[in-house]
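Peer 1: Counted the way the working numbering counts, the sequence shown spans residues 13 to 241.
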Amino acid sequence: MTAPPDDCLARNEWICGEYLSTRRQIVLDAVVQHLELTAVSVLIALVVAVPLAVLARRWRWATGPVLALTTILYTIPSLAMFSLLLPVYGLSASLVVAGLVLYSLTLLVRNILAGLRAVPEETRQAARGMGYGPIRLLLTVELPLALPAAMAGLRIATVSAVSLVTIGAIVGFGGLGNLIYTGMNTYFKAQVLTASVLCVVIAVAADLLLLGVQRLLTPWERAAGAARP
Numbered sequence: 013m014t015a016p017p018d019d020c021l022a023r024n025e026w027i028c029g030e031y032l033s034t035r036r037q038i039v040l041d042a043v044v045q046h047l048e049l050t051a052v053s054v055l056i057a058l059v060v061a062v063p064l065a066v067l068a069r070r071w072r073w074a075t076g077p078v079l080a081l082t083t084i085l086y087t088i089p090s091l092a093m094f095s096l097l098l099p100v101y102g103l104s105a106s107l108v109v110a111g112l113v114l115y116s117l118t119l120l121v122r123n124i125l126a127g128l129r130a131v132p133e134e135t136r137q138a139a140r141g142m143g144y145g146p147i148r149l150l151l152t153v154e155l156p157l158a159l160p161a162a163m164a165g166l167r168i169a170t171v172s173a174v175s176l177v178t179i180g181a182i183v184g185f186g187g188l189g190n191l192i193y194t195g196m197n198t199y200f201k202a203q204v205l206t207a208s209v210l211c212v213v214i215a216v217a218a219d220l221l222l223l224g225v226q227r228l229l230t231p232w233e234r235a236a237g238a239a240r241p
């Protein structure tokens, strides 16, 4: 009988340290691309979502259209979304970013709007009585008080984006999704498992990082929690 190969790569095992040691740079490049696509997409979505949520809060007639539009966008399957955006962006990283931005809007707009609506009306009236104009009221009172709900939406949107980036592998810009896609086509077990685990690690790390940022930005929440019996 033929002796089994000496290394786990030759045996095509799921767990293989040799894979990381021999393909460290490939994995690192995929992780960097994954992080870049996720961060850029979520940041752009946040920049778009805040004005939309403020618009929906200021003018009630805009609430229905804004929420309806973002919800419809969220229901479009990812492959169909990329196909619709393909004539505009071509096979590029911008295609993936645009799709992720549209998917993130639903989560961000709804949570930011919920946070703005939760600001007590007496707080707004007190600020107006102190001479606060609309812009100052929004920036120094409403948005800070809406932060817990907004950050919750940002955390969900970020974790979702980490997962959805992998779909970008169909156009060659999927970060770790590229490794998963090629690994599945060649039945390369170690590559599929390693890339999948790294996706989970990135998602968990991003969520914990944003949770930490939320706690730093909302010290009154910690104080309120400590005051509870």
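All C-beta atoms in this analysis are idealised placements derived from N, C-alpha and C, irrespective of residue type, glycine included. All of these numbers come straight from a predicted model, not from anything done at the bench.
Classify residue 150 as buried or exposed, calling it buried when 16 or more other Cβ atoms lie within 10 Å of its own Cβ.
Peer 2: Flag for residue 150 reads buried.
Peer 1: If residue 165 and residue 124 are in contact, beta carbons under 8 Å, what's the gap, nearest whole angstrom?
Peer 2: Yes, residue 165 and residue 124 are in contact; Cβ-Cβ is about 6 Å, under 8 Å.
Peer 1: In three-state terms, what does DSSP make of residue 13?
Peer 2: Annotation note: pLDDT 43 at residue 13 (below 50); position unreliable, coordinate value reported separately. Note: residue 13 maps to coil in three-state DSSP.
Peer 1: By how many angstroms is the C-alpha of residue 211 removed from the C-alpha of residue 130?
Peer 2: Approximately 34 Å between the Cα atoms of the pair.
Peer 1: Hey, quick one: how far does the alpha helix (DSSP H) through residue 61 stretch, first residue to last?
Peer 2: Counting along the chain, the alpha helix (DSSP H) containing residue 61 begins and ends at 36-70.
Peer 1: If I follow the unbroken alpha helix (DSSP H) through residue 152, where does it start and stop?
Peer 2: Premise fails: residue 152 is in no alpha helix (DSSP H) and is neither H nor E.
Peer 1: What are the start and end residues of each continuous alpha helix (DSSP H) run of 4 or more residues lying completely inside the segment 137-195, in chain order?
Peer 2: Within the segment 137-195, the complete alpha helix (DSSP H) runs of at least 4 residues are 146-149 and 155-176.
Peer 1: If I follow the unbroken alpha helix (DSSP H) through residue 109, where does it start and stop?
Peer 2: Start and end: 105-129.
Peer 1: Determine the burial state of residue 141: buried for a count of at least 16 other Cβ atoms within 10 Å of its Cβ, exposed for fewer.
Peer 2: Under this definition residue 141 is an exposed residue.
Peer 1: Would you mind sorting residue 197 into buried or exposed? The rule is 16 or more other CB atoms within 10 Å of its CB.
Peer 2: Classification for residue 197: exposed.
Peer 1: Please report how far the alpha carbon of residue 94 lies from the alpha carbon of residue 111, in whole angstroms.
Peer 2: Answer to the nearest angstrom: the Cα atoms are 6 Å apart.
Peer 1: Any idea what DSSP makes of residue 94, helix, strand or coil?
Peer 2: In the structure shown, residue 94 sits in a helix (DSSP, three-state: H, G or I).
Peer 1: If distances are taken between C-alpha atoms only, which option among 108, 175 and 35 comes closest to residue 183?
Peer 2: Ranking the options by Cα distance to residue 183, first place goes to 108.
Peer 1: Distance check for residue 136 and residue 143, CA to CA, integer angstroms please.
Peer 2: Spanning the two alpha carbons is a distance of roughly 11 Å.
Peer 1: Measuring only the C-alpha atoms, how far is residue 206 from residue 36?
Peer 2: Computed Cα separation, rounded: 11 Å.
Peer 1: Strictly under 8 Å for the Cβ-Cβ distance: is residue 67 near chain B by that measure?
Peer 2: This model lacks chain B altogether; it includes just one protein chain.
Peer 1: Do you know how far the Cα of residue 71 is from the Cα of residue 194?
Peer 2: One C-alpha to the other measures close to 49 Å.
Peer 1: Quick one, which of 154, 128, 47 and 228 has its alpha-carbon nearest residue 180's?
Peer 2: Residue 180 has its Cα closest to that of 47, out of 154, 128, 47 and 228.
Peer 1: Tell me whether residue 197 sits in a helix, a strand or coil according to DSSP, three-state version.
Peer 2: Residue state, collapsed to three classes: helix.
Peer 1: Considering only residues of the same chain and omitting the five flanking positions on each side of residue 221, which have a CB-CB separation below 8 Å?
Peer 2: Hits under 8 Å: none found.
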